[in-house]
Structure formats: C-alpha cells, structure tokens
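A quick write-up on the structure given underneath.
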Amino acid sequence: VHGGDLRSFFTLVMTDPDVPGPSDPYLREHLHWIVNDIPGTTDNTFEVVKYEIPRPNIGIHRFVFLLFKQKG
511 VHGGDLRSFF TLVMTDPDVP GPSDPYLREH LHWIVNDIPG TTDNTFEVVK
561 YEIPRPNIGI HRFVFLLFKQ KG
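Start counting the sequence shown at 511; every next residue gets the next number (the working numbering).
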C-alpha cells in the first residue's frame with residue numbers, strides 16, 4: 511500500500527458473489543481467500559484461508575476483493 515508505514519496492517523478478502531451462477535446465486539458468497547497482517551510497507555503476509563482457484567461454473571462471475579485497514 512503506497513504511503514504506508516510499519517505500524518499499518520491490512521486484511522485482504524476475495525469472494526465470489528455469484529455461486530453457482532449469476533442468474534441463481536443460491537449459495538451466495540463463496541470465500542476464496544483471506545490474508546491478514548499485510549504490512550503497509552512490505553510483502554510479508556499471513557494467509558488465514560489458502561487461495562482457492564475459481565472453478566468453472568455457470569455463466570460469468572464477479573470476483574470481489576476487499577482491503578481492510580486493521581486497527582491497532
């Protein structure tokens with residue numbers, strides 16, 4: 511994260527809101543990945559949920575990446 515400092519940490523979440531397909535996403539959100547304690551100035555991280563490659567499903571899927579700044 512540009513302009514971060516050693517005291518700033520972040521959490522990254524990747525989800526697919528279109529499981530199993532965008533026309534009938536009855537399973538809703540599928541969690542693909544969580545990484546936390548991402549320092550603002552380095553690339554050292556800690557994976558909470560290992561990355562799960564998206565699998566072929568029905569139709570086009572959106573993938574959502576959320577980046578949260580951790581408190582403290």
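Just so you know, even glycine gets a beta-carbon here, dropped at the ideal spot from N, CA and C.
Beta-bridge partners of residue i, as assigned by DSSP
{"i": "D526", "result": "H540"}
Straight-line gap, residue i to residue j (C-alpha atoms, nearest Å)
{"i": "H540", "j": "F520", "result": "21 Å"}
{"i": "G569", "j": "V558", "result": "29 Å"}
{"i": "V523", "j": "L537", "result": "18 Å"}
{"i": "I548", "j": "Y561", "result": "15 Å"}
{"i": "G582", "j": "D526", "result": "29 Å"}
{"i": "H542", "j": "K579", "result": "19 Å"}
{"i": "T551", "j": "L577", "result": "15 Å"}
{"i": "R517", "j": "N546", "result": "14 Å"}
Given residue i as reference, the closest of the options once Cα atoms are compared
{"i": "D534", "options": "W543, T551, I563 and H571", "result": "H571"}
{"i": "G531", "options": "P564, Q580 and L577", "result": "P564"}
{"i": "D528", "options": "R517, F573 and Q580", "result": "F573"}
Own chain, CB closer than 6 Å to residue i, minus 5 neighbours either side, in chain order
{"i": "I590", "result": "The shown model of the chain, from 511 to 582, leaves out residue 590, and the question about it has no answer."}
{"i": "F575", "result": "M524"}
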